[in-house]
Amino acid sequence: MAKLLDHEFDGIQEYDNPIPLWLTSLFGITMVFGLGYALYFPAFPGHSGISGWSAAKQYDEQVAVEEERYAPLRAEAEKKALEALAALTEDQATLDKGHEVFSLRCSPCHGENAEGRVGPNLKDAEWLYGGDAKSVLTSIREGRPKGMPKWKTELGSEDIQNVTAYVLSLSGGSSEAPVAEETPAPEATPEAESAEATSESESATAETQEEASKEGE
Ligand code: HEC
16 MAKLLDHEFD GIQEYDNPIP LWLTSLFGIT MVFGLGYALY FPAFPGHSGI SGWSAAKQYD
76 EQVAVEEERY APLRAEAEKK ALEALAALTE DQATLDKGHE VFSLRCSPCH GENAEGRVGP
136 NLKDAEWLYG GDAKSVLTSI REGRPKGMPK WKTELGSEDI QNVTAYVLSL SGGSSEAPVA
196 EETPAPEATP EAESAEATSE SESATAETQE EASKEGE
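First residue of the sequence shown: 16, per the numbering used here; consecutive thereafter.
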């Protein structure tokens, strides 16, 4: 029996028992584990951890996995949305609303009948940036560098949809990618167009180079 300690309180005394061995060992084990853990994961400033794990890396990996999973769904959704937009070019109520937005917001630059002023003619089959639903929608939503404002913050998505359907309906909605090089639109100056062509081919070259350097890695 261990010896009694010589203090007492209200008649209660205590033995001088050692801490049980299992508890002391557990304490030691947790310390060793903690040190290992801290070395394995990034715990100390300037030390990235033996495992190489980081929250940012894990996040990027998970996002990449999800992106891959969602890409086909996104493509499908985009295709449906564009089909719906194409269908709206036949819907008179939509076109009327689109025309209203156009008269208010677009006609100062594109002309009351979209015949072109500062901005290009939107009625013919000649497009600087493509006349398919996706390109026209992008032109309107995101704007274009030479003076076409972006409208995605200015107009609600419904107005954008209506005015896009309206613009698409003006040219029949069936014209394909840019044909401006072949027959220059009268309101677009040749300089502007050749500058356009150069900047496009430049960016195309830059892209090719980028791809080439990626492949080289
Ligand atoms: C401040 C003048 C201005 C206003 C307002 C404006 N645009 Fe434009 N828009 C332009 C100019 C300039 C371009 C040519 C941009 C370029 O060449 O980079 C353009 C280009 C476009 C194009 C691409 C044409 C093509 O040939 O590819 C579309 C589509 C278009 N505008 C639609 C609209 C619609 C719809 C509105 C109204 C919601 C609108 N724009 C309002 C000036 C304007």
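Glycine included, every Cβ here is placed at the ideal spot set by N, Cα and C.
Computed from a predicted structure; not experimentally measured.
Residue i to residue j, Cα distance in whole Å?
i      : j      : result
Ser118 : Glu83  : 42 Å
Asp31  : Ile44  : 25 Å
Phe12  : Lys18  : Since the first and last residues shown for the chain are 16 and 232, residue 12 lies out of range.
Asp111 : Asp75  : 46 Å
Pro164 : His125 : 12 Å
Leu20  : Ile34  : 15 Å
Phe48  : Ile175 : 60 Å
Ala69  : Leu88  : The amino acid at residue 69 is misidentified as Ala; the sequence shows Ser. So the alpha carbons of these two residues sit roughly 29 Å apart.
Val133 : Glu93  : 31 Å
Ser53  : Trp37  : Residue 53 is actually Ala in this sequence, not Ser. Approximately 24 Å, taken between the alpha carbons.
Can you check which of these residues, the options, is closest to residue i by C-alpha distance?
i      : options                        : result
Gly171 : Pro160, Arg156, Met163, Ala180 : Arg156
Leu97  : Ala148, Asp139, Ala71          : Ala148
Lys138 : Leu100, Thr179, Met46, Pro60   : Thr179
Checking the sheet assignment: what are the DSSP bridge partners for residue i?
i     : result
Tyr30 : Leu19
Phe24 : Ile27
Please determine whether the Cβ atom of residue i lies at a distance below 7 Å from any heavy atom of the ligand HEC.
i      : result
Gly162 : yes
Arg120 : yes
Val80  : no
Gly145 : yes
Phe59  : no
> Where in the region 141–173 do unbroken runs of the alpha helix (DSSP H), each at least 4 residues long, occur, reported from the N-terminal end onward?
Replying inline: As summarised for the region 141–173, the continuous alpha helix (DSSP H) elements at least 4 residues long and confined to that stretch are 148–157, given in chain order.
> Taking only runs of the alpha helix (DSSP H) that begin and end inside the region 69–127, which ones reach a length of at least 4 residues, in chain order?
Replying inline: Segments of the alpha helix (DSSP H) lying fully in the region 69–127: 70–103, 107–116, 122–125.
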